[in-house]
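Q: Numbered according to our numbering, the sequence shown terminates at residue 200, and the numbering increases by one at each position without gaps. Backbone N, C-alpha and C define an ideal beta-carbon position, used for all residues, glycine too. Starting off with a structure, shown below.
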Amino acid sequence: MVDRSIDHPLQPKRRWFLKTALAIGAVGGALGTLVYWHRGMSNGKLTEHGRDVLRGLTMAIVGPMLPKDKAQREAIIEGHLAHTETFLNGMPNVLQIQVNALLGLLGNYPTRKMLTGMGAAWGEATEDELAQALETMRLNPLPSTRLTYQVLRSLVCMSFYSNSAHWPLTGYPGPVQI
23 MVDRSIDHPL
33 QPKRRWFLKT
43 ALAIGAVGGA
53 LGTLVYWHRG
63 MSNGKLTEHG
73 RDVLRGLTMA
83 IVGPMLPKDK
93 AQREAIIEGH
103 LAHTETFLNG
113 MPNVLQIQVN
123 ALLGLLGNYP
133 TRKMLTGMGA
143 AWGEATEDEL
153 AQALETMRLN
163 PLPSTRLTYQ
173 VLRSLVCMSF
183 YSNSAHWPLT
193 GYPGPVQI
């Protein structure tokens, strides 16, 4: 006869399984709601959270090329964000949705902390914190996190370097006249 009072820990009961599934579903739903609420774009425009993430990424990736003067730097970054918005609107809808989700993930504290290890908001982070966040994503053992880094870095670089007004900042004189 089997003693039902002794349960082996490796054989979970159905109720335990259902409770665990409900808890995981609730956490997933909450994170999904946060990502939707703090999404990166809405109606073809960058949201406040999307601008904050892209501003931080821009500072971390191309910041050393920007002028030291705060007013000039801010003007260039604002122009870059406007150019990035136009660039994103020119992408296929599928890519816009994916970039929107990535910006939403990085705009929320819980998912930003999981992906980058950075607790501060993008706009409040120091240059060292931004660099460390990108390095964490770049060297992460999970391929999806490394891919997130590559996509966002490519997005910032493509929209920055495709703007001919930024070429003098990088030392590029422009195309050679033939």
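Taking residue 67 as the reference, which of 138, 185, 125 and 156 has the closest Cα?
A: 125
Q: Do residue 78 and residue 152 have their C-beta atoms closer together than 8 Å?
A: yes
Q: Only counting the same chain, and skipping five residues up and downstream in sequence, which positions put a Cβ closer than 7 Å to that of residue 110?
A: 63, 118 and 121
Q: For residue 160 versus residue 83, is the C-beta spacing smaller than 8 Å?
A: no
Q: What's the gap between the Cα of residue 113 and the Cα of residue 129?
A: 21 Å
Q: Relative to the C-alpha of residue 71, which candidate in 146, 183 and 156 has its C-alpha closest?
A: The residue with the shortest Cα to Cα distance from residue 71 is 146.
Q: What are the partner residues of residue 68, as DSSP defines its beta bridges?
A: 63
Q: Assess contact between the stretch 133–144 and the stretch 93–112, defined as three or more Cβ pairs (one per stretch) separated by less than 8 Å. Is contact present?
A: no
Q: How would you label residue 108, buried or exposed, when you count the other beta carbons within 10 angstroms and need 16 or more for buried?
A: exposed
Q: In the DSSP assignment, find the alpha helix (DSSP H) that holds residue 198 and state where it starts and stops.
A: It is not in any alpha helix (DSSP H) - residue 198 carries neither H nor E in the DSSP assignment.
Q: Flag this pair as yes or no: are the beta carbons of residue 202 and residue 149 separated by less than 8 Å?
A: Residue 202 is absent from the model: the chain starts at 23 and stops at 200.
Q: Less than 7 Å between C-beta atoms, sequence neighbours within five positions excluded: which residues of the same chain meet that for residue 88?
A: These residues qualify, in order along the chain: 95, 98 and 191.
Q: Need the endpoints of the alpha helix (DSSP H) that residue 97 sits in, please.
A: 92–111
Q: Helix, strand or coil: how does DSSP classify residue 123 here?
A: helix
Q: Tell me which residue opens and which closes the alpha helix (DSSP H) that residue 148 is part of.
A: Per DSSP, residue 148 belongs to no alpha helix (DSSP H) and is neither H nor E.
Q: Using DSSP with H/G/I as helix, E/B as strand and the rest coil, what is residue 140?
A: It is coil, neither helix nor strand.
Q: Let me know the secondary structure DSSP gives residue 135 once reduced to three states.
A: helix
Q: Assuming residue 181 and residue 106 form a contact by the criterion Cβ under 8 Å, report the distance between their Cβ atoms to the nearest whole angstrom.
A: 4 Å
Q: So the candidates are 65, 199, 188 and 42; which of them puts its Cα closest to the Cα of residue 100?
A: When each option's Cα is compared against that of residue 100, the closest is 188.
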